[in-house]
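If you count by our numbering, then the sequence shown holds residues 4 to 238, one letter each, in order.
Note that beta-carbon positions come from the ideal geometry of N, C-alpha and C, so glycine has one too.
Predicted model only: the values in this text are computed from it and were never measured.
Input: a single structure, listed below in structure tokens.
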Amino acid sequence: MNINKGEIICIDKPYRMSSFGALAHVRYLISQKMGVKRVKVGHAGTLDPLATGVLVLCTGKMTKNIEQLQYHTKEYTATLQLGATTASYDREHTVNATYPTGHITRELILETLPQFVGEIQQVPPSYSACKVNGDRAYKLRRNGKDVELQPKTLQIDEIELTGFDAGTMQMSIRVVCGKGTYIRALARDIGRALGSGAFLTALRRTRVGEVRVENCIEFDRFREWLDGQTFENDI
Numbered sequence: 004m005n006i007n008k009g010e011i012i013c014i015d016k017p018y019r020m021s022s023f024g025a026l027a028h029v030r031y032l033i034s035q036k037m038g039v040k041r042v043k044v045g046h047a048g049t050l051d052p053l054a055t056g057v058l059v060l061c062t063g064k065m066t067k068n069i070e071q072l073q074y075h076t077k078e079y080t081a082t083l084q085l086g087a088t089t090a091s092y093d094r095e096h097t098v099n100a101t102y103p104t105g106h107i108t109r110e111l112i113l114e115t116l117p118q119f120v121g122e123i124q125q126v127p128p129s130y131s132a133c134k135v136n137g138d139r140a141y142k143l144r145r146n147g148k149d150v151e152l153q154p155k156t157l158q159i160d161e162i163e164l165t166g167f168d169a170g171t172m173q174m175s176i177r178v179v180c181g182k183g184t185y186i187r188a189l190a191r192d193i194g195r196a197l198g199s200g201a202f203l204t205a206l207r208r209t210r211v212g213e214v215r216v217e218n219c220i221e222f223d224r225f226r227e228w229l230d231g232q233t234f235e236n237d238i
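Structure, rendered in structure tokens:
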């Protein structure tokens, strides 16, 4: 490996850890291994703390490719709780409203999902890293300020219903999408389209480009993986 010339390292980000937290840990271990104060590391696409899965890290000169890597197609698996919403559209916040679900059937879901395939307009969640006049939207919300974000055009290639439990009103989907897609916002919009509400109870990024989660390095075993690598020091 040549960290300075640049490497792409893909890890499986754990639950309840920020993307930056995962990056900082990996950077610390690499710096420690190389005997330097700090190596250059960036990530190509943020994952929410409550999401798990593929996190692509770039080192050294490879960080110049981050923007290009962010355009790679991504695949997610998600579980939605129907009949309720939260402020962040996931489990970071408690339920703030409930909605009827008696009319929701598997057939209705199958009829509804295709409207979200193709080029669509999506308003990002207000609890997100989107900027409003230079400030992060989530910081404004946490300070009690109202946030109004504009819809963005994005591409969703596939949505597959992989499970539906009429007893618990939980549904599972697989989504293949392009850059800028918020699966939390997709859950919100699916809930509305079903005449109800919805929020995420689980989210996993299973693929970025050709990188699949089963081929990523387990976060808790990164030090062990690193110990098995050979490093070149030339710049």
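- A contact is defined here as three or more CB-CB pairs under 8 Å, and the stretch 98-113 fails this definition with respect to the stretch 65-79.
- Within the same chain, Arg109, Ile112, Gln173, Met174 and Ser175 come within 8 Å of phenylalanine 167 by CB-CB distance, once the 5 residues on both sides are set aside.
- Between the beta-carbon of glutamate 161 and that of asparagine 5 there is about 37 Å, and that puts the pair past the 8 Å contact cut.
- Residue pairing by DSSP puts alanine 87 in a beta bridge opposite Thr101.
- A check of alpha carbon separations from threonine 156 across Arg215, Thr165, Asn146 and Leu189 identifies Leu189 as the nearest.
- In the DSSP annotation of this structure, the continuous segment of the beta strand (DSSP E) that includes arginine 208 starts and ends at 201-211.
- The straight-line gap separating the alpha-carbon atoms of tyrosine 130 and histidine 96 is approximately 10 Å.
- For arginine 177, the enclosing beta strand (DSSP E) stretches over residues 173-180.
- In this structure, the CA atom of leucine 116 is about 14 Å from the CA atom of serine 199.
- Within the same chain, and ignoring the five residues on either side of glutamine 158 in sequence, the residues whose Cβ sits closer than 6 Å to its Cβ are Glu122 and Gly181.
- Pairing threonine 82 with alanine 205 gives a Cβ-Cβ distance under 7 Å.
- By the Cβ neighbour-count rule, phenylalanine 23 is exposed, with fewer than 16 other Cβ atoms within 10 Å of its own.
- By the 16-neighbour rule on beta-carbons within 10 angstroms, tyrosine 185 is buried.
- A residue is called buried once 16 or more other Cβ atoms fall within 10 Å of its Cβ, and glutamate 163, having fewer, is exposed.
- Phenylalanine 167 is bridged by DSSP to Met174.
- Between leucine 58 and isoleucine 14, the CB-CB gap stays under 7 Å.
- Beta-carbon to beta-carbon, leucine 50 and lysine 16 are separated by about 5 Å, close enough to satisfy the 8 Å threshold.
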